[in-house]
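Novice:
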Amino acid sequence: MKMILFRKFRVLILMVFLIACTMHIVIDLLPKLERRATGPSTGNSGCSCAHKPSEEPQSRGKQQGMSAAESGWPNKHTLRILQDFSNEPSSNLTSHSLEKIAGTRDKLEAFKRGEQYAQNEERQKNLIKDQADDKSLPVKGFSRLAALFEHPLYKTVRPPLTDEDTLFNVNSDIKYYPKAPENQEWPREGAQEEEYLPTGEGGAEVYPNWLRFHVGINRYELYARQDPITDDLLRDLPGQRITSVAMKSGGTQLKLIMTFQNYGQALFKPMKQTREQQTPPDFFYFSDFERHNAEIAAFHLDRILDFRRVPPVAGRLVNMTREIRDITRDKKLWKTFFISPANNVCFYGECSYYCSTEHALCGKPDQIEGSLAAFLPDLALAKRKTWRNPWRRSYHKRKKAEWEVDPDYCDEVKQTPPYDRGTRLLDVMDMTIFDFLMGNMDRHHYETFEKFGNSTFIIHLDNGRGFGKYSHDEVSILVPLSQCCRVKKSTHQRLLLLAKEEYKLSALMAESLEMDRLAPVLFPPHLGALDRRLRLVLQVLENCILKQGYSNVVEDDTGPAHSRTTAHSAR
71 MKMILFRKFR
81 VLILMVFLIA
91 CTMHIVIDLL
101 PKLERRATGP
111 STGNSGCSCA
121 HKPSEEPQSR
131 GKQQGMSAAE
141 SGWPNKHTLR
151 ILQDFSNEPS
161 SNLTSHSLEK
171 IAGTRDKLEA
181 FKRGEQYAQN
191 EERQKNLIKD
201 QADDKSLPVK
211 GFSRLAALFE
221 HPLYKTVRPP
231 LTDEDTLFNV
241 NSDIKYYPKA
251 PENQEWPREG
261 AQEEEYLPTG
271 EGGAEVYPNW
281 LRFHVGINRY
291 ELYARQDPIT
301 DDLLRDLPGQ
311 RITSVAMKSG
321 GTQLKLIMTF
331 QNYGQALFKP
341 MKQTREQQTP
351 PDFFYFSDFE
361 RHNAEIAAFH
371 LDRILDFRRV
381 PPVAGRLVNM
391 TREIRDITRD
401 KKLWKTFFIS
411 PANNVCFYGE
421 CSYYCSTEHA
431 LCGKPDQIEG
441 SLAAFLPDLA
451 LAKRKTWRNP
461 WRRSYHKRKK
471 AEWEVDPDYC
481 DEVKQTPPYD
491 RGTRLLDVMD
501 MTIFDFLMGN
511 MDRHHYETFE
521 KFGNSTFIIH
531 LDNGRGFGKY
541 SHDEVSILVP
551 LSQCCRVKKS
561 THQRLLLLAK
571 EEYKLSALMA
581 ESLEMDRLAP
591 VLFPPHLGAL
601 DRRLRLVLQV
611 LENCILKQGY
621 SNVVEDDTGP
631 AHSRTTAHSA
641 R
């Protein structure tokens, strides 16, 4: 009798195990089954819930061909490797590196929902605009920004460029498939080399704006003043159709890599805070939210300061259902989507901070704002070197960094390469002023292009923790400037110009940000904070000049002698 009961118990255990395995397999295959259910032969949505913010997800069969649609995952292709956005060599990696391109026409219901959301957003933006100071807003019929760019300080001539001064030799370094924007199928394996046209033979007009932006990078700047390619790229970022999405590996907060129909890529930072919200006073700088509007405003501030060291950034309203969930091949990202109790589409992804159901990103009902930053060239083509910021903070709740306790810390830095020669220390001072104006305390590292050695500019990446507090000025950010008492003459002159009423920094920022689709980008008090902080920067420089003399503080970088010295040191 005992043996019979024992055998029955073993059979029961085996049955439970088989049922559990079957359920696990079904759950694991559910995303793939739902994706196939969205093909041309069916009209079902990929969302299995009762509420469907977008009535029908995008079809996948048109652009991949029948073989790709049948296989579920795309065949291996040699993907374009011209882009990257991070300070780590592994920044190109995503949780799924090969992604399937998808696309379809928008349905009427989704369009109506987007229109309704846009109208609600417009009403909210008008309320914010009404609170703005009239002096900071652009005046109709008069462009302060145009007047600024016509000023002699913004008309200085760049030194002539040689092959050593450009990031790419376009005749040999870059190849581009010009039919790609029109034909969305990937080139077939084994295709003849003649299908790929060298850049030097095709003419710049056939290349997408992201590639033209890459080609224009040189030793002195990411893009030239008043470069029409930059404006075209700013229009592409919110306008190009998104074909694939994946999470960016690494980082403390969620970021998405978005690929467009012309094979350009951008880093998407979704909206986490409303514009009027400030960083809570009890938050440490290293646990603060990354703000999408800060990335947008940082690009415009950098251009007004004439640094031109921030890659182009634009705002975009993204449909989370059609433009993220339905086209992503990232399973980890897809599994984090859900419908909130308010019937809004939400997701949270995977990251170190704020990636949980409690910190989910929710749309209205499936529309969400975000910033799109154009990728820099891929590290495989244009290596970048990562440098530890000498004035890096401790990133500890109790410990302080050496520069916070040693008033003579800058003397040590001046004797350490690469700060003991060239313009690197002065570039760090530029970066310090830039960070103080927007209140960014999170500048732990910076990058330069390896090809140009130490005689090149600093790239101002990752500015999402700026513009967090308009009611507080974090003067500790200015410690490098007050300790070293050094600044470029061109930077000093532009700061003095932006302090004048006719070239008021807040008014210039307001006018520049009006060009973005998510305008108003900044809450009005942030614009007033810019003018207040600019006065503080000039006060620090004035105190340095009184103590050490003008010639010992202000480095002349405007004359021909400086240009010859820079060019010689670059060789």
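Be aware that the sequence shown starts at 71, since it is given in the working numbering, and climbs by one per residue.
Idealized CB from N, CA, C, for every residue including glycine.
1. If LEU215 sits next to SER560, beta carbons under 8 Å apart, how far is it from one beta carbon to the other, in whole angstroms?
2. Could you compute how far the alpha carbon of PHE330 sits from the alpha carbon of VAL383?
3. Please look up how many angstroms separate the CB atoms of PHE354 and GLN343, rounded, as I've assumed it's under 8 Å.
4. Tell me which same chain residues have a C-beta within less than 7 Å of the C-beta of TYR187, skipping the five on either side of it?
5. Give the straight-line distance between the Cα atoms of ARG379 and ILE529, rounded to the nearest whole angstrom.
6. Note the first and the last residue of the continuous alpha helix (DSSP H) segment covering SER560.
7. Where PHE522 and GLY619 are concerned, what is the direct C-alpha to C-alpha distance, given to the nearest angstrom?
8. Assuming TRP457 is part of the beta strand (DSSP E), what are its boundary residues?
9. Assuming TRP280 contacts ALA452 under a Cβ cut-off of 8 Å, what Cβ separation, rounded to an integer in Å, is found between them?
10. Looking at the structure shown, is PHE369 part of a helix, part of a strand, or coil, going by DSSP?
11. Which residues in the same chain have their Cβ closer than 8 Å to the Cβ of VAL610, if we skip the five residues on either side of it in sequence?
12. Name the residue from PHE527, SER426, LEU99, CYS554 whose alpha carbon lies nearest to the alpha carbon of TRP461.
13. What residues are listed by DSSP as bridge partners for ASN533?
14. Thinking just about the alpha-carbon of each residue, which of PHE527, LYS539, LYS570 is nearest to the one in ASP235?
15. Residue ranges of each alpha helix (DSSP H) run of no fewer than 4 residues wholly in the region 480-519, ordered along the chain?
16. Would you kindly check if the distance between the Cβ of ASP306 and the Cβ of GLY722 is under 8 Å?
17. Throw me the rounded Cβ distance for the ARG463 and HIS515 pair, which I believe falls under 8 Å.
18. Tell me the DSSP secondary structure of GLN618 in three-state form.
19. So, are the CB atoms of HIS362 and GLY440 less than 8 Å apart?
20. Between the alpha carbons of GLY173 and ASN389, how many angstroms are there, rounded?
21. Going by C-alpha to C-alpha distance, which of THR92, ASN524, PHE537, PRO229 sits closest to LYS512?
22. Could you give the uninterrupted runs of the beta strand (DSSP E) lying entirely in the region 421-445, keeping only those of 3 residues or more?
23. Is the beta carbon of HIS284 less than 8 Å from the beta carbon of PRO447?
Specialist: Taking the definition as stated:
1. For the purposes of this step, residue 215 is taken as the residue at position 145 of the sequence shown. For the purposes of this step, residue 560 is taken as the residue at position 490 of the sequence shown. In fact, because the Cβ distance is near 19 Å, the residues do not count as touching under 8 Å.
2. The residue labelled residue 330 in the question sits at position 260 within the sequence shown. The residue labelled residue 383 in the question sits at position 313 within the sequence shown. Their Cα atoms are separated by approximately 15 Å.
3. In the sequence shown, the residue the question calls residue 354 occupies position 284. In the sequence shown, the residue the question calls residue 343 occupies position 273. Actually they are not in contact, since the Cβ atoms of PHE354 and GLN343 sit about 16 Å apart, beyond 8 Å.
4. Taking the first residue of the sequence shown as position 1, residue 187 is located at position 117. Residue confidence for TYR187 is low, a pLDDT of 47 falling below 50, so the modelled location carries little weight; the figure read from the coordinates is stated next. Answer for TYR187: LYS434, GLN437, listed in chain order.
5. Stepping through the sequence shown from its first residue, residue 379 is reached at position 309. Stepping through the sequence shown from its first residue, residue 529 is reached at position 459. Using only the alpha carbons, I get a separation of about 5 Å.
6. What you label residue 560 is simply residue 490 of the sequence shown in a count that begins at 1. Where SER560 is concerned, the enclosing alpha helix (DSSP H) starts and stops at 559-568.
7. On the sequence shown, position 452 is the one that residue 522 refers to. On the sequence shown, position 549 is the one that residue 619 refers to. Rounded to whole angstroms, PHE522 to GLY619 spans 33 Å at the Cα level.
8. The residue you call residue 457 lines up with position 387 of the sequence shown. It spans 454-458 - the beta strand (DSSP E) in which TRP457 sits, taken as one unbroken run.
9. Locating residue 280 in the sequence shown gives position 210, where the first residue counts as 1. Locating residue 452 in the sequence shown gives position 382, where the first residue counts as 1. Here TRP280 is actually not in contact with ALA452; their C-beta atoms are around 14 Å apart, not less than 8 Å.
10. Residue numbering aside, residue 369 sits at position 299 when the sequence shown is read from its first letter. Here PHE369 sits in helix by DSSP.
11. By one-based count along the sequence shown, residue 610 stands at place 540. Result list for VAL610: LEU548, LEU551, SER552, in chain order.
12. Stepping through the sequence shown from its first residue, residue 461 is reached at position 391. Minimum Cα distance to TRP461 is reached at CYS554.
13. Along the sequence shown, read from residue 1 onward, the residue named residue 533 stands at position 463. None, per the DSSP bridge assignment.
14. In the sequence shown, the residue the question calls residue 235 occupies position 165. When each option's Cα is compared against that of ASP235, the closest is PHE527.
15. 494-508
16. Only positions 71 to 641 of the chain appear in the structure, and residue 722 is not among them; the question remains open.
17. Along the sequence shown, read from residue 1 onward, the residue named residue 463 stands at position 393. Along the sequence shown, read from residue 1 onward, the residue named residue 515 stands at position 445. Not confirmed; about 12 Å, so no contact.
18. Within the sequence shown, the letter at position 548 stands for residue 618. DSSP places GLN618 in helix when its eight states are reduced to three.
19. Looking up residue 362 in the sequence shown gives position 292. Looking up residue 440 in the sequence shown gives position 370. Yes.
20. Taking the sequence shown and counting its residues from 1, one reaches residue 173 at position 103. Taking the sequence shown and counting its residues from 1, one reaches residue 389 at position 319. Caution applies to GLY173, whose pLDDT of 40 falls short of 50 and renders its modelled position unreliable; the value that the coordinates give is listed next. Looking at the two C-alpha atoms, the distance is approximately 13 Å.
21. Position 442 of the sequence shown, counted from the first residue, corresponds to residue 512. Sequence check: residue 512 is Asp here, not Lys. Measuring from the Cα of ASP512, the nearest candidate turns out to be PHE537.
22. 437-444
23. Here residue 284 refers to the residue found at position 214 when the sequence shown is read from its first residue. Here residue 447 refers to the residue found at position 377 when the sequence shown is read from its first residue. Yes, Cβ-Cβ distance for HIS284 and PRO447 is below 8 Å.
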